[in-house]
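Note sheet for the following structure.
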Amino acid sequence: MTYQRDDFLKDYIRMMTNMVILSLLICISLAFWIISITASTYYGTLRPISPWRWLFSIVFPLLISSQGYKKKSLDHSGALGGLVVGFILTVANFSFFTSLLMFFVTSSKLTKWRKNAKKQIDSEYKEGGQRNWVQVFCNGGVPTELALLYMIENGPGEIPIDFSKHYTASWMCLSLLGALACCAGDTWASEIGTVLSKSEPRLITTWEKVPIGTNGGITVIGLISSLLGGTVVGVAYFITQQIFVSDLDISAPQWPIIMFGAAAGLLGSIVDSYLGATMQYSVYSCTSFIHLSWRLSTVGTEYMPCLPSISPEGIWSCDHLASLCSS
Numbered sequence: 227m228t229y230q231r232d233d234f235l236k237d238y239i240r241m242m243t244n245m246v247i248l249s250l251l252i253c254i255s256l257a258f259w260i261i262s263i264t265a266s267t268y269y270g271t272l273r274p275i276s277p278w279r280w281l282f283s284i285v286f287p288l289l290i291s292s293q294g295y296k297k298k299s300l301d302h303s304g305a306l307g308g309l310v311v312g313f314i315l316t317v318a319n320f321s322f323f324t325s326l327l328m329f330f331v332t333s334s335k336l337t338k339w340r341k342n343a344k345k346q347i348d349s350e351y352k353e354g355g356q357r358n359w360v361q362v363f364c365n366g367g368v369p370t371e372l373a374l375l376y377m378i379e380n381g382p383g384e385i386p387i388d389f390s391k392h393y394t395a396s397w398m399c400l401s402l403l404g405a406l407a408c409c410a411g412d413t414w415a416s417e418i419g420t421v422l423s424k425s426e427p428r429l430i431t432t433w434e435k436v437p438i439g440t441n442g443g444i445t446v447i448g449l450i451s452s453l454l455g456g457t458v459v460g461v462a463y464f465i466t467q468q469i470f471v472s473d474l475d476i477s478a479p480q481w482p483i484i485m486f487g488a489a490a491g492l493l494g495s496i497v498d499s500y501l502g503a504t505m506q507y508s509v510y511s512c513t514s515f516i517h518l519s520w521r522l523s524t525v526g527t528e529y530m531p532c533l534p535s536i537s538p539e540g541i542w543s544c545d546h547l548a549s550l551c552s553s
């Protein structure tokens, strides 16, 4: 009887906590709505943002970030960074949000996929990925910048990608899609290619064979995976356009978005591989047959044929550059 009372009390506290949080979120969204109405009235050229968009932009990124933290896909700082990135992209355009969501969900699943095999390749493999704020910024920094520019140019809301009607805003939409597709393509190539490829990777700069997991190494499986990763992000963007954009019948066809996402995913993976081959520190243990961190490299290791010039923290900036190039 005592156990049942304790369980009931825990469920009641959990329910009341959720109600309080939801009430606070509604109040926050209404406050943002009042601010947007006031700004629209004062400046005249700004369109007010509906309270439902504010609420959606707060609730869903919060739920996704908290789930990512619980499942160890994000650490504390990564969850906060993801909340900021998700909020800005969702306010700007729901198509941005679904593309980001597709990238995050698939990347998190693939990072956990065949984790035992990945632990035998990479000494710094973490359960679930556990991305911090730096990695979140490197993957989401460019899309966030573009989302802010999009809102300045067009205001929040969904538009068809049509250069004859929305020239600048259409370029920003494609650039943001390209940045997210690049991140997805690179992640898919890394997580799938390392465990499924039967042949040794080849270094993208010299084309010589290198051990699996070497920075800058590419395989056919990895390239196909990057193409598929970009395609998935493009499909998410396309489907959202079909749902939320009302004037598609008088706009340019939207299906090339999928092809653009696929091309951006492949290009982003190639650019990131080139940066990894020429700039990232790579060291391979000849005794344990595993790639070591730059902190763990010691006797009995072999430096791979690339320039050991920057640490993993630096290569995350290279991921940022690859995302920028694809966009």
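Here the sequence shown is numbered in the working numbering, starting from 227 and rising by one per residue. Glycine residues also receive a C-beta, built at the ideal position from the N, C-alpha and C atoms. Because the structure is a prediction, the values reported are computed rather than measured.
Here the alpha carbon of residue 361 sits roughly 8 Å from the alpha carbon of residue 304. Beta-bridge annotation (DSSP): residue 300 is paired with 357. Note that the C-beta distance between residue 496 and residue 448 is not below 8 Å. By the 16-neighbour rule on beta-carbons within 10 angstroms, residue 389 is exposed. If you look at residue 412, you'll find it in the alpha helix (DSSP H) that goes 393 to 422.
Around the beta carbon of residue 239, fewer than 16 other beta carbons lie within 10 angstroms, which makes this residue exposed. Beta-bridge pairing by DSSP links residue 428 to 435, 444. At least 8 Å separates the beta-carbon of residue 394 from that of residue 315.
Two segments are said to touch when three or more pairs of C-beta atoms, one from each, lie closer than 8 Å; by this definition the segment 307 to 322 touches the segment 280 to 290. For residue 471, there is no enclosing alpha helix (DSSP H), as DSSP gives it neither H nor E. Taking a C-beta distance under 8 Å as the contact criterion, residue 457 and residue 484 qualify as a contact pair. A check of alpha carbon separations from residue 309 across 289, 322, 477 identifies 289 as the nearest. For residue 422, the closest of 241, 392, 450 by C-alpha to C-alpha distance is 450. Residues 359, 362, 363 of the same chain have their beta carbon placed closer than 7 Å to that of residue 307, with the five preceding and five following residues left out of the count.
The continuous alpha helix (DSSP H) containing residue 490 extends over residues 482 to 505. Taking C-beta separations shorter than 7 Å and ignoring five residues to either side along the sequence, the partners of residue 339 in its chain run 417, following chain order. If the five residues before and after residue 463 are omitted, its C-beta is found closer than 6 Å to the C-beta atoms of 321, 325, 403, 483, all from its own chain and listed in chain order. About 4 Å separates the beta carbon of residue 386 from that of residue 477, a gap short enough to meet the 8 Å contact definition. Here residue 276 carries a coil assignment [DSSP, helix/strand/coil]. By the CB criterion at 8 Å, residue 488 and residue 430 fall outside the cutoff.
At the C-beta level, residue 408 and residue 494 come within 8 Å of one another. Taken atom to atom, the span from the alpha-carbon of residue 241 to that of residue 235 is near 10 Å. Residues of the same chain with a CB within less than 6 Å of the CB of residue 445, apart from the 5 flanking positions on each side, are 419, 423, 427 in chain order. If the five residues before and after residue 400 are omitted, its C-beta is found closer than 7 Å to the C-beta atoms of 387, 486, all from its own chain and listed in chain order.
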